[in-house]
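Its first residue numbered 0, the sequence shown is counted upward by one per residue in numbering that gives the first Met the number 0.
Every residue gets a Cβ at the ideal spot worked out from N, C-alpha and C, and that includes glycine.
The structure presented is a predicted model; accordingly, all values stated were derived computationally and were not measured.
One structure is given here, and the rest of the page talks about it.
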Amino acid sequence: MPSNQKVTKTISEPNSLYSLIGEEQGTRKLANAFYDEMESNIHLQELLAIHPQPLDKIREKFFEFLSGWLGGPSLFEQKYGHPQLRARHMPFKVTAKQRDLWMLCMNNAMDKTITDKQVKQLLRQAFSQLAAHMVNS
């Protein structure tokens, strides 16, 4: 393989969250359920309003981010570089209320896609830390 080509990580660690939720299929299911929830839940309209429409591109970017963040292939990083989530969100006002709405959306998405209670609890803790880190005002 030429030295200028990136090698894609294709095998996840057996105990990674990526593996535990069903690898690519489970990760895509979670990402789509997240945005489905945002579009359909009346309580999340404020959160939906700050996302660019249509949601097709952001759904894919979120799936790519989750893939690497959960321990699977680093798809987002390969396309866009290091996620630097806080820096990427700095141009936007992210409040504690938006964090809570985001967590409501994610919790509902996990409830619809993940059956294992332990895995769900691990994800809730990880997502909660991530969401809290994004608050910038």
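Cutoff 7 angstroms; reference residue i; Cβ partners in own chain excluding five residues on either side
| i | result |
| --- | --- |
| A95 | V134 |
Exposure of residue i, with buried meaning 16 or more beta-carbon neighbours within 10 Å
| i | result |
| --- | --- |
| L19 | buried |
| P72 | buried |
| P85 | At residue 85 the sequence reads Arg, which differs from the Pro that was named. So R85 ends up on the exposed side. |
| M89 | exposed |
CB of residue i within 9 angstroms of CB of residue j, strictly
| i | j | result |
| --- | --- | --- |
| A30 | F62 | yes |
| Y34 | L54 | yes |
| L122 | H42 | no |
| L69 | L16 | yes |
| K111 | A32 | yes |
| E36 | A108 | yes |
| Q97 | E22 | no |
Three-state secondary structure assigned by DSSP to residue i
| i | result |
| --- | --- |
| S73 | coil |
| T112 | helix |
| Q44 | helix |
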